Structures are given as structure tokens and as C-alpha cells.
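In what follows, a structure is listed as C-alpha cells, so that the remarks can point back to it.
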Amino acid sequence: MRQSHLFTKTRKEAPKDEVAKNADLLIRAGFIHKEMAGVYSYLPLGLRVMNKIVGIIREEMNAIGGQELALTALQDRAVWEKTNRWSDAVVDNWFKTQLKNGTDLGLGFTHEEPLTALMTEYIRSYRDLPVYAYQFQTKFRNEARAKSGIMRGREFLMKDLYSFSLDEKAHAAFYEKAKQAYVNVFRRVGLGDTTYVTFASGGSFSKYSHEFQTVTAAGEDVIYVDEKKGIAVNKEVMTDEVLADLGLSRDSLVEKKAVEVGNIFSLGTRFSDALGLSYLDETGAKRPVVMGSYGIGPGRVMGTIVETLSDEKGIVWPESVAPFQVHVVSVAGKDGAPQRAAETLYNRLVSSGIEVLYDDRDLRAGEKFADADLIGIPLRVIVSDKSLEKGGYEIKDRRTGTTSVLAEKELLSRLGL
RNA sequence: CGGGCUGUAGUAUAGCGGUAGUAUACGUGCUUUGGGAGCAUGCGGUCUGGGUUCGACUCCCAGCAGCCCGACCA
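Just so we're aligned, residue 1238 is where the first sequence starts under the working numbering, counting upward by one.
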């Protein structure tokens, strides 16, 4: 992608109505656009990052047997009444609307009900189980107060997987696999060192649920971390009884603010009972399906990466989610030699399948560097008279700031070519 | 949802009861080219509706929108 053609430009001024660092940087760097409070559009750069995150999650979900589908955002009132979750007195953040004929509809804030109802048409026998279905879907939640930029919006993408298992034992085995898949996801997106499996309230069907909490001052949750064991407890369930149960000691816990980037929990038979999802076992006996649900908000992950990995100059993307792998920056020089060399390099890399953002704009070097820092692509290749005299390209690591000069061959080999 | 604050150009900000200013961005020309360059010139604005007033961007009321604190986040 030539930066001269890239839709969206950086801006110097911070938006006046954003306090959250994630929204400030993402707007200034041109990744997102704010439509209204708590509602953000994803622009080309932002969508690239979002798609990288989605891709990683998809791989991990497929690896544990997940099958991707796409349910509807429009929801049938009747289905939700069966689980007593239609009433505004029970669920206060519904967005509701109507058909022309007056029929009530809701805009989905989660999908246990419709998917469970759907499964009743396909699950009849123990032979039909288990099923692990997931989707990436826009959820709508009418939050009383939007805040924290893209970390807590009214409309946001969510990966939600629902497991349908034969019994508690089969469910528990899958639950552990899902937990490990989540650990993999957060490691791969660059949040592994700061994300803790956190024990949280389990609801009526299990003792605990597990949250994946990333430590950051921008978080809204308070967790107690046992750094040696690498696990944490949410403040909401922090009691002596729980600590004893988990084998944790108050002395080894450190209080931290954190953001919930993922959450998995067991649902038991709450939804299958309410919606009539059952199967016949080998003996012909009717038994309820045991369910679990597993969520990750890719947008929140993106915001959390910005919150935790950016520096005073801008965003620092991990390689795995960066909008481009390489940022080629040409610096104007004698007779246009650097520009010609940069063009050649750009074409060479693109034809080899490398994702390159090429800053071909006719601007001063300082402005290009400042933009590059703000956008945050991890590997920068500067092509200038200076670098050409030294026999190659100047490589700058966005995270560490270290530079080195590499000959073309070395650069290509570093990129796996 | 309770409390508070704020709406001025694409963006960020001054100011005043009497023709709205600056920076940046954008257009044009020239110079410049390794950390957000300079000169010249041009384009562009008072959230909406009422009220007070000879006159309202300014004061008052309502609406709408945004932000902050709290509650909420199943």
C-alpha cells in the first residue's frame, strides 16, 4: 500500500472529547473514526488490525473443533421470553426495535438463546454431540455510559463460542481445552505477559467462571494476582473461603487494575432446559445438553494492546497484529536515488507477499518518521542517501528504537525470503 | 439512570451585548528536504429552536450532542 494513497491521514491534535489513550492514539493515527459516544467505525488501518486479531482467534477456535457460523443480529422476542431475558427489568441494556406491523425485535447483545433454539432443530441424538459453534458478530449493548474508547462501546464485534456437550464430564474436558486456546490467543496477540487467568463469579451452574484479565491502569476491574502461580482472583469473589479453595494466600497476592479481554463460563442446562434442547442417549433416555459459552471482544483486545504497548510517540503493534509487516520510508535525496531504490524494494516485497506500507509521500523526513512512530508498524525500512551510501537499508525497530544497516540480501532473509 | 461540566472553521483553541481571531489542516506559487520547515496568497466557523434586546456567538429557557464522577456491565 502506497501511503500517498492510504485513506486516512494522521493528525497532530488529540481529539478533545477522548480521554482514553486507546481512542486518542487510534483516532490520531487514522485507525478508527468516532461516530457517536461508544460507537466507532474501523478505517482501513484499523480493519487490518482487527482482521489479524480475528484471524488468530479463528485459528485457535478451529484448533479445538470450533465450527464458524453467523447468526443474526435481529432477535425474536419470543425466544428471549423463554429464558426470562427479554424484560428490561432483567436486562437493562437491550436495544429494541419493531417491525412495521408492531412486532418487537431486539438487537442481540449475546447469542445463547437464538443458538440454543437453533440447535433444537439439529440435535436429537447423542450421536449429534458435541457441537462447538462460534461466530464473529456485532453485538449491541445500550450502555448507560460509554467510556474507555473502544474498550467499552455500544456496538462492538465479539467472538462468541458456545459448546454443546453430552454431560458435565465432557463439558469440563472441553472447557479446559477452551481455556488453553484462550491462553494461546492472548499470547499470540502480544498480551501474554500481562494477561492472567482470573477466577470470577460462576453463576448458578459452576463454582467459578474464568476471565482473562490484562493488567492495565485503563482497566475497570480490580484483580488480585499471584504472580508465581500466574493466576488471579477477581475482587468480586475475593473471600477467605475462595482463597482457601484455590490454595492461594492473601500474602502472595498483589492488587492490580485490569481489563477483561475474555471470559469463559459454564452454563449447565439453564438454556437447554428453558429452550428444550435435549437428546436421546444410548438407552433411549432423554437428557439435557450441557452448555458453555466463551467470549472475546477483538475490539477490546485491540484497545488493550494500544493501552499497554504504546509509548509517548504512538502505537507499538506486535508483529502478529500489525496492519502491515514492514513500513518502507523513503527520504528525499540527490537525483531521486532513494525514491527509485525504495520503489524497487517496495515492488520486490509486495510481489513476494509481504504486507508493506510504503511512505512514498513528498514530505520531509521528520514528518514521515513522526507518522511512522504514531502508526506503529514494528519494522521500519528507511531508504535514503545515507543508507544507500552504507550499502543498503536502515532498519529501525519501532519498539526498541534500535537501528542497523542491512544489505538487501540480509533484509530479505530477515523477512523470510 | 443520578450529579457536574461543555458545545466557536476539517481538527485544536481565543474572544466579545455592536462586522469572530489564532494555530493546524486544505488549495496555489516559490524556497526547503534525517525527527512534525519557511515566505506569500487563498478557502473555510459561532449545535438547534424559542425568549430578552435597537442589536445575541455572547444573557435566559428548552432540546440535541459530547465529556467527567458515580451506579450498571447478567
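For glycine and all other residues, C-beta sits at the position ideal for the given N, C-alpha and C. Please read these numbers as outputs of a predicted model, since none were measured by experiment.
Contact between T1357 and L1514 holds: CB atoms are separated by about 5 Å, below the 8 Å threshold.
Around the CB of K1337, fewer than 16 other CB atoms lie within 10 Å, so the residue is classed as exposed.
Between the alpha carbons of A1354 and G1283 lies a gap of roughly 34 Å. Nearest to I1301 by C-alpha distance, out of K1414, Y1583, H1408, L1403, is K1414. The stretch 1403 to 1477 contains, as complete alpha helix (DSSP H) runs of 4+ residues, the segments 1405 to 1425 (chain order). From the listed residues Y1277, S1486, G1505, F1449, the smallest Cα separation to V1422 is found for F1449.
With respect to the 9 Å criterion, V1642 and L1582 are not classified as neighbours on the basis of their beta carbons. Within the stretch 1319 to 1378, the runs of beta strand (DSSP E) at least 3 residues long that lie entirely inside it are, in chain order, 1332 to 1335, 1341 to 1344, 1368 to 1377.
DSSP places E1272 within a strand segment (E or B) once states are collapsed to three. From the listed residues G1570, E1405, P1525, the smallest Cα separation to I1360 is found for P1525. DSSP, read as helix, strand or coil, puts L1306 in coil. Within the model, the alpha-carbon separation for P1575 versus D1622 is close to 6 Å. Residue G1529 holds the alpha-carbon nearest to the alpha-carbon of H1408 among G1529, I1269, L1652. For the pair K1376 and T1435, the Cα-to-Cα distance works out to about 24 Å.
Contact annotation: G1532 and M1395 have beta-carbon atoms nearer than 9 Å. In the structure shown, the three-state DSSP call for V1526 is coil.
The closest CA to that of S1402, considering only Y1363, K1416, A1418, G1456, is found on Y1363.
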